[in-house]
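Student: Below are the structure tokens for one structure; questions will follow.
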Amino acid sequence: MIFQTERLYFREMNQGDFDALCQILQDKETMYAYEGPFSDQEVQEWLDRQIARYQKWNFGLWAVILKETGRMIGQCGLTMQPWKETEVLEIGYLFNRAYWHNGYATETAQACKNYAFETLQAEEVCSIIRDTNIASQNVAIRNGMAKTDSWTKHYRGVDMPHYRYIVRRAHWLLTLKESRLEKLFFQIQNERLTKLLEENG
1470 MIFQTERLYF REMNQGDFDA LCQILQDKET MYAYEGPFSD QEVQEWLDRQ
1520 IARYQKWNFG LWAVILKETG RMIGQCGLTM QPWKETEVLE IGYLFNRAYW
1570 HNGYATETAQ ACKNYAFETL QAEEVCSIIR DTNIASQNVA IRNGMAKTDS
1620 WTKHYRGVDM PHYRYIVRRA HWLLTLKESR LEKLFFQIQN ERLTKLLEEN
1670 G
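In our numbering, each residue's number is its place in the sequence shown (first place is 1) plus 1469.
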């Protein structure tokens, strides 16, 4: 296991995940941003690419496992992606369509952001999102990211305009500090309220 959230845990993918990957990568609606579903060969190449990333970087796209059932419901993680004339650290995810609209994308994206800053000690992390993918743009915004620039990628014979959303380490640390202060404030308020109620019987 790489890490976990309240409802999910994340591990490296292996060949045994091929069928679960096919359910994701061969679904037309899930893969609309990729100009259609993958063939069996393309799914295998995708899986091989993640395994190679684990060996090279010690990260990649990981299997997302629903704790309640033990089933693989998606994939998410961190990869190095080309952007203009450089490479950038990106958060990516894809979920089995049967599990959409449950907040899993936001939950996993936030967990990957924390992993990038806490474990990898990254200075910034981004999400590269097709201009037509409004849902993922909203996930990026909820993840504290801001749209910074755009670039047209050429993939599967199609020109695809993409936006890059970025969050930097300094912003993440500030948000983390504010969150902890907010929790501390409410804790103090609750303790004061409890004491007041006890004093007044």
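Idealized CB from N, CA, C, for every residue including glycine. Nothing here was measured: the structure is a model prediction, and the numbers come from that model.
Ignore the nearest five residues each way along the sequence and tell me which others in Tyr-1523's own chain have a CB closer than 6 angstroms to its CB.
Tutor: Around Tyr-1523: Glu-1481 and Gly-1529.
Student: Just the C-alpha distance for Ile-1471 and Pro-1630, rounded to the nearest angstrom, thanks.
Tutor: Straight-line Cα distance between these residues: approximately 32 angstroms.
Student: Are Thr-1474 and Glu-1576 close, meaning C-beta to C-beta below 8 angstroms?
Tutor: Yes, they are a contact pair.
Student: Can you tell me whether Ala-1521 is buried or exposed, with buried defined as 16 or more other CB within 10 angstroms of its CB?
Tutor: Counting Cβ neighbours within 10 Å, Ala-1521 comes out exposed, since fewer than 16 surround it.
Student: Excluding the 5 residues flanking Gln-1550 on each side, which residues of the same chain have their C-beta closer than 7 angstroms to its C-beta?
Tutor: Around Gln-1550: Glu-1556, Val-1557, Glu-1559 and Ile-1597.
Student: May I have a chain-ordered list of the beta strand (DSSP E) segments no shorter than 3 residues that lie completely inside the region 1568 to 1641?
Tutor: Taking only runs of at least 3 residues, the beta strand (DSSP E) segments lying wholly in the region 1568 to 1641 are 1593 to 1599, 1615 to 1624 and 1627 to 1637.
Student: Within the same chain, show all residues whose beta-carbon is closer than 7 angstroms to that of Gly-1561, passing over the 5 residues directly before and after it, in chain order.
Tutor: These residues qualify, in order along the chain: Leu-1530, Cys-1545, Gly-1546 and Thr-1548.
Student: Can you name, in chain order, every residue of its own chain whose Cβ lies under 6 angstroms from the Cβ of Thr-1617, other than the five neighbours on each side?
Tutor: Arg-1633 and Ile-1635.
Student: Name the residue from Trp-1515, Asn-1583 and Glu-1537 whose alpha carbon lies nearest to the alpha carbon of Cys-1488.
Tutor: The amino acid occupying residue 1488 in the given sequence is Asp; Cys does not appear at that position. The candidate whose alpha carbon is nearest that of Asp-1488 is Trp-1515.
Student: Check Gln-1440 in the structure and name its three-state DSSP category.
Tutor: The first residue shown for the chain is 1470 and the last is 1670, placing residue 1440 beyond what the model contains.
Student: Could you pull out every unbroken alpha helix (DSSP H) segment of at least 4 residues lying fully inside the region 1483 to 1523, listed in chain order?
Tutor: Those alpha helix (DSSP H) runs which fall completely within the region 1483 to 1523 and span 4+ residues are 1487 to 1494.
Student: Going by DSSP, name the residue or residues bridged to Met-1549.
Tutor: Leu-1558.
Student: Specify, as a first and last residue, the run of the beta strand (DSSP E) that Ile-1534 falls within.
Tutor: Start and end: 1530 to 1535.
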